[in-house]
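Down below is the structure, laid out as structure tokens.
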Amino acid sequence: MDYVKLINCMRCGMCLPVCPTYKETFLETASPRGRVVLIRKIEEGNLEQSEQLLEYLSLCLDCQACASACPSGVNAGELVADFTCERKTAQGLGFTEDLILRKLVPHPDRLESSMTPVRVYQNSGLQKLVRTLGVLKMFPKPLGRMEGLLPKLPAKPLRQEVNEVTPAVGRERGTVGFFLGCVMSLIFSDASRATIRLLSSLGYRVITPRNQVCCGAPNMLGGDLAGLKDAARANIDIFAGYEVDFIVTDCGGCGAELKKYGHHLQGSDAAEAFSTKVRDISQILALHAEDLMLLLKPLPIKVTYHDPCHIAHCQGIRQEPRDLLKLIPGVEYKELECADSCCGSAGTYNIGKPEMSDRILQRKLDTVRASGAELLVTGNPGCLLQLKKGLAEQLPEVKIMHLTEILAQSMDS
Amino acid sequence: MRPSFIKELQTIVGKQYTLTDRESLAVYGYDSTAELESLPGVVLLPDSGEQIAQIMSLCHDEGVCVTPRGSGTNLSGGSLSAGGVVIQTSRLNRIIEVDEENLTATVEPGVITSALHREVEERGLFYPPDPGSMNISTMGGNVAENSGGLRGLKYGVTADYVMGLQTILADGELLRTGGKVVKDVAGYSLNPLLVSSEGTLGLFTSITVKLIPKPQAKITMLAHFPVMADAALTVSAIIAAKVIPATLEFLDKVTIKCVEDYAHVGLPLDVDAALLIETDGHPVVVTEEAAAVETICRQHRCSFFQTAKNDEEALKLATARRTALSALARLRPTTILEDATVPRSCIAAMLKVIQNTARKYNVVIGTFGHAGDGNLHPTCLTDERDQDEIKRAHAAFEEIFDAAISMGGTITGEHGVGLAKKRYLPKLAGESGIRVMRGIKHAFDPKGILNPGKIF
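As you go down the protein sequences, you meet chains A and B in turn.
Numbering-wise (our numbering), the first sequence opens with residue 4 and increments by one.
Numbering-wise (our numbering), the second sequence opens with residue 109 and increments by one.
Okay, structure coming up:
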């Protein structure tokens with residue numbers, strides 16, 4: 004741990020009002036400044052590492068709202084993530100982590116095959132039966148959570164279907180490499196299809212390398228730094244094989260991780276070059292707002308936008324998605340209260356910490372209800388999963404879409 | 109602490125809200141004051157005044173010390189406890205009533221200051237005290253510390269708005285003082301005693317404050333000054349011209365740079381000082397006052413004068429100013445902040461003293477603050493690991509306090525004495541002052557269990 008980063012926190016409390024877990028509990032142990040104190044005490048040898056301590060730290064969503072709020076430049080979320088990752092690395096990977104992080108996630112083919120049973124489960128009518136009978140109560144809770152979160156899967160992952168090269172429509176203005184996130188490909192393939200279409204419609208040749216691998220974010224979560232670095236090196240090599248102006252992703256989580264490759268592989272010029280080319284899709288689309296506007300047709304709908312933490316807090320992108328939504332003729336844009344407050348998805352947090360996740364989700368749903376919007380737009384698959392489930396249960400009249408989906412729909416309407 | 113005592117506390121507030129594990133005690137060992145740490149014995153989060161009364165009664169019987177805590181943004185160590193009970197009031201966060209006929213609001217102590225602002229402003233009303241930490245701080249903490257804020261110049265401080273209090277005394281008994289009446293001379297005025305008592309006289313369970321109509325208009329301005337002394341003279345000149353802006357904030361070069369690094373609101377990086385000025389009230393008056401302010405700034409050689417184009421821009425500037433203290437921590441890990449306050453005519457002299465003292469002791473001091481009411485925040489940027497520099501910083505502040513006292517000022521304008529400034533209080537209050545304060549403390553808390561060790 005970088006000790007200076009820990010003592011830079013002056014405990015002013017500017018992070019308290021934005022921290023989702025502090026807002027729920029009012030406990031200092033569940034606050035960013037409290038977490039920094041805990042880690043600092045351990046590093047100083049004034050506190051022993053205990054189960055209780057790790058439990059407190061595990062309540063952090065790593066949403067990094069605290070980092071956005073901190074005038075002193077402390078990123079408590081990242082400090083907790085780094086600390087947790089270091090501890091887990093020191094322990095070594097357990098059987099399950101090894102299976103998932105080393106044998107499954109880095110291999111898109113295996114990852115995709117692993118979803119086949121789910122597809123069968125959903126399509127065979129078994130899901131309906133299971134849900135009707137309440138059989139899930141007999142299984143461990145996390146399994147039930149996962150089952151509830153999964154929307155209907157597309158017939159095939161996008162990675163298997165997409166053309167490696169999608170030509171530009173009209174005059175070519177450049178080439179982009181498309182980083183296709185695992186969850187986007189497996190679950191939200193329509194959104195990523197829309198992303199590719201938007202890029203090509205705006206004059207970009209889009210290259211989607213089939214052999215790209217997971218960005219490595221799950222490895223970071225699981226304490227597998229080596230795995231993360233392997234993933235980074237693999238993707239850097241793959242994209243280095245193409246001449247691209249930008250590397251674009253429509254997954255907030257992947258974008259945040261890809262932009263950190265330079266940091267993860269310090270001293271590697273290739274990693275630095277890779278990271279500086281990475282853009283969230285909203286950044287590229289906003290560059291060509293005027294051209295995009297010409298492609299959009301009226302869509303009379305009340306829309307609001309939820310800022311994914313990985314886009315607003317980790318990448319500092321807030322204005323572009325809003326500006327893009329306002330480009331659509333007929334859209335009535337409603338700002339969401341606390342739009343950049345986490346939805347409680349936070350990677351696998353909604354499975355690991357269901358109770359806190361639900362409380363945080365509830366706040367988000369309340370603000371969506373208050374906004375009066377008919378459509379909720381966001382830019383990260385984790386948020387899409389979490390909010391989709393929440394809306395289905397409480398606000399079925401409100402639809403949810405990825406930013407590129409609504410833009411593509413406006414092209415067609 | 110005896111296990112049976114902890115058990116009794118648990119029956120009052122619930123197990124979940126009785127914190128005794130090492131980790132919890134470690135994080136409650138701090139507030140926002142630099143260099144201070146002190147571990148409590150147990151932390152409680154009650155959710156009603158009745159629970160607070162029960163806790164106090166129990167602690168009184170046991171002879172256990174109690175320290176109240178809001179959001180822990182205290183800047184004088186006032187919310188730290190040495191082995192005693194800490195009562196965090198965050199769960200008592202209901203706005204009980206906004207009385208539009210009597211122009212009062214009644215809140216529980218854990219209500220966040222800016223939450224009250226939002227609630228009353230929606231009804232066209234206004235609660236002026238706005239401490240820098242208003243998005244975090246609690247009303248209970250504001251009352252206990254008599255918090256000031258950016259609007260103090262025109263509207264005064266928390267004490268000017270407290271009308272009624274319900275306070276749990278050291279033995280658990282309830283004391284009601286004041287209420288919704290504007291005039292009240294029945295016996296001693298106890299409200300002003302309780303305000304700024306820093307948790308040493310009782311714990312508030314209900315606070316009634318005065319509201320005023322919300323100003324119809326405001327204009328926010330920013331003036332840049334290549335020479336710091338000109339900014340100071342401008343402050344005095346504005347007040348001498350009988351213009352009382354709501355806000356008249358000073359930022360020096362170091363502060364401007366740090367704030368801009370964080371907030372990116374377009375503060376100038378090539379000037380010596382800036383003034384953030386806000387006039388509010390009737391639209392016609394506001395326009396006139398703003399014009400007068402601009403003229404005075406230009407007469408005093410401001411290099412650039414900017415008027416916020418809209419509410420959003422005005423809010424951005426004010427919000428940026430609120431981050432000043434924390435932003436200063438970007439430069440060095442430890443920030444020691446003081447709030448020596450002088451009569452406002454002495455601002456220029458005080459700024460000079462701060463500059464000279466910093467040079468003499470070879471420390472970096474960034475200064476910002478409420479120049480309009482003479483309340484400056486010289487902040488020493490240092491590193492707690494460098495003991496020699498820390499010593500020099502304290503020596504510098506000692507001189508700054510002496511200078512403030514000699515100008516007819518005070519050692520703390522709004523942060524309270526707490527632990528951090530206790531050493532300097534006798535110099536200011538004198539022997540008789542301390543004796544009277546001790547007498548009052550004894551009358552309220554003969555056993556000395558309420559926030560012991562603070563103030564004197």
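In this text, a Cβ means the ideal position worked out from N, Cα and C, and glycines have one as well.
Here the structure is a predicted model, which means the values were calculated and not measured.
With a threshold of 7 Å on Cβ separation, who are the neighbours of B:Ser271 within its own chain once the five nearest residues in sequence on each side are excluded?
Residue 271 of chain B is actually Met in this sequence, not Ser. Excluding positions up to five away in sequence, the list reads Thr212, Gly286, Gly287, Lys288, Thr316, Val317, Lys318.
Please list, in chain order, all residues of the same chain as B:Thr490 whose beta carbon is under 7 Å from its beta carbon, the five residues on each side excluded.
Correct list, in chain order: Arg440, Thr442, Ile444, Val471, Glu497, Ile498, Ala501.
Name the one or two DSSP bridge partners that B:Gly474 has.
B:Gly474 is bridged to B:Thr487.
Which two residues bound the contiguous alpha helix (DSSP H) that contains A:Arg208?
Looking at the DSSP string, A:Arg208 is not in any alpha helix (DSSP H); the run it does join, the beta strand (DSSP E), is 207 to 210.
Quick check on A:Gln67: buried or exposed, where buried means 16 or more other Cβ atoms within 10 Å of its Cβ?
Per the 10 Å Cβ criterion, buried.
Return the CA-CA distance between B:Phe476 and B:Cys410, expressed in angstroms with no decimal places.
Going by the C-alpha atoms only, they are around 18 Å apart.
Report the rounded CA-to-CA distance for B:Cys173 versus A:Gln365, giving the unit in angstroms.
Looking at the two C-alpha atoms, the distance is approximately 39 Å.
Would A:Thr307 pass as a contact of A:Val281 if the rule is Cβ separation under 9 Å?
Not closer than 9 Å, so no.
How long is the line joining the alpha carbons of A:Glu100 and A:Tyr59, rounded to whole angstroms?
Going from the Cα of A:Glu100 to the Cα of A:Tyr59 covers about 21 Å.
Runs of 3 residues minimum, wholly inside the segment 302 to 338 of chain B: which ones carry the beta strand (DSSP E) assignment?
Those beta strand (DSSP E) runs which fall completely within the segment 302 to 338 of chain B and span 3+ residues are 311 to 318, 325 to 333.
To the nearest angstrom, how far is the alpha carbon of B:Gly307 from that of A:Asp272?
Straight-line Cα distance between these residues: approximately 57 Å.
Please check if any C-beta of chain B sits within less than 9 Å of the C-beta of A:Leu30.
Yes, A:Leu30 counts as interfacial toward chain B.
Rounding to the nearest angstrom, what Cα-Cα distance links A:Ala33 and A:Thr24 in this structure?
Approximately 6 Å between the Cα atoms of the pair.
Just to confirm my understanding: we take A:Glu81, look at its own chain, exclude 5 residues before and 5 after, and list those with CB closer than 8 Å. What are they?
Here the set comprises Asp65, Gln67, Ala70.
Along the chain, where does the beta strand (DSSP E) containing A:Lys305 start, and where does it finish?
304 to 308 is the span of the beta strand (DSSP E), which, as asked, contains A:Lys305.
What are the complete alpha helix (DSSP H) segments, minimum 4 residues, inside the segment 361 to 439 of chain B?
Listed in chain order, they are 361 to 371, 391 to 407, 419 to 430, 432 to 436.
Just to confirm my understanding: we take A:Val77, look at its own chain, exclude 5 residues before and 5 after, and list those with CB closer than 6 Å. What are they?
For A:Val77, where only same-chain residues beyond five positions count, the Cβ hits under 6 Å are Asn11, Cys12.
Run through DSSP, which three-state label would A:Glu377 get?
A:Glu377: coil per DSSP, three-state reduction.
Who does A:Met404 pair with in a DSSP beta bridge?
Paired residues: A:Val380.
Grab me the residues of A:Gln389's own chain with a C-beta within less than 8 Å of its C-beta, minus the 5 sequence neighbours each way, in chain order.
Cβ neighbours of A:Gln389 beyond the five flanking positions: Leu152, Cys346, Gly347, Ser348, Asn353, Ser360, Leu364.
Judging by CA-CA distance, which residue of A:Gly350, A:Val334, A:Arg372 is the nearest neighbour of A:Ala342?
Checked all of A:Gly350, A:Val334, A:Arg372; the closest Cα to A:Ala342 is A:Arg372.
For A:Tyr207 versus A:Ala171, is the C-beta distance shorter than 9 Å?
It is a contact, given that the beta carbons lie within the stated cut-off.
Looking at the strands, I want to know which residues DSSP matches up with B:Gln97.
With chain B covering only 109 through 564, there is no way to say anything about residue 97 of chain B.
Count the other CB atoms within 10 Å of the CB of A:Gly385; is the residue buried (16 or more) or exposed (fewer)?
Counting Cβ neighbours within 10 Å, A:Gly385 comes out buried, since at least 16 surround it.
Any beta carbon from chain B within less than 9 Å of A:Glu51's own beta carbon?
Yes - at least one Cβ of chain B is within 9 Å of the one on A:Glu51.
Compute the Euclidean distance between the alpha carbons of B:Leu311 and B:Gln196, then round it to the nearest angstrom.
Roughly 11 Å between the two C-alpha positions.
Start and end of the alpha helix (DSSP H) containing A:Leu189?
It spans 185 to 189 - the alpha helix (DSSP H) in which A:Leu189 sits, taken as one unbroken run.
Under three-state DSSP, which class holds A:Met149?
Here A:Met149 sits in helix by DSSP.
Kindly list, in the order they appear in chain B, the residues whose Cβ is closer than 9 Å to that of A:Ser117.
Near A:Ser117 there are no residues of chain B at all, since even the closest Cβ is about 38 Å away, more than 9 Å.
Name the chain A residues that come within less than 9 Å of B:Ile195, Cβ to Cβ?
The contacting residues do not exist; B:Ile195 stays about 12 Å from chain A at best.
Check whether the Cβ atoms of A:Asn238 and A:Phe181 sit closer than 9 Å, and answer yes or no.
Not in contact: A:Asn238 and A:Phe181 (Cβ atoms no closer than 9 Å).
Within the continuous alpha helix (DSSP H) that includes A:Tyr352, where are the two ends?
Unbroken alpha helix (DSSP H) run through A:Tyr352: 352 to 355.
Bridge partners of B:Ile444, per DSSP?
B:Ile444 pairs with B:Cys488.
Would you kindly report the start and end of the unbroken alpha helix (DSSP H) that includes A:Arg282?
From DSSP, A:Arg282 is part of no alpha helix (DSSP H) but of the beta strand (DSSP E) over 281 to 283.
Name the chain D residues whose beta carbon is nearer than 8 Å to that of B:Glu131?
This model lacks chain D altogether; the protein chains it does include are A and B.
Quick one: residues in its chain with C-beta nearer than 6 Å to the C-beta of A:Val420, no 5 flanking neighbours on either side, listed in chain order?
Because chain A spans 4 through 416 in this model, residue 420 of chain A falls outside it and cannot be assessed.
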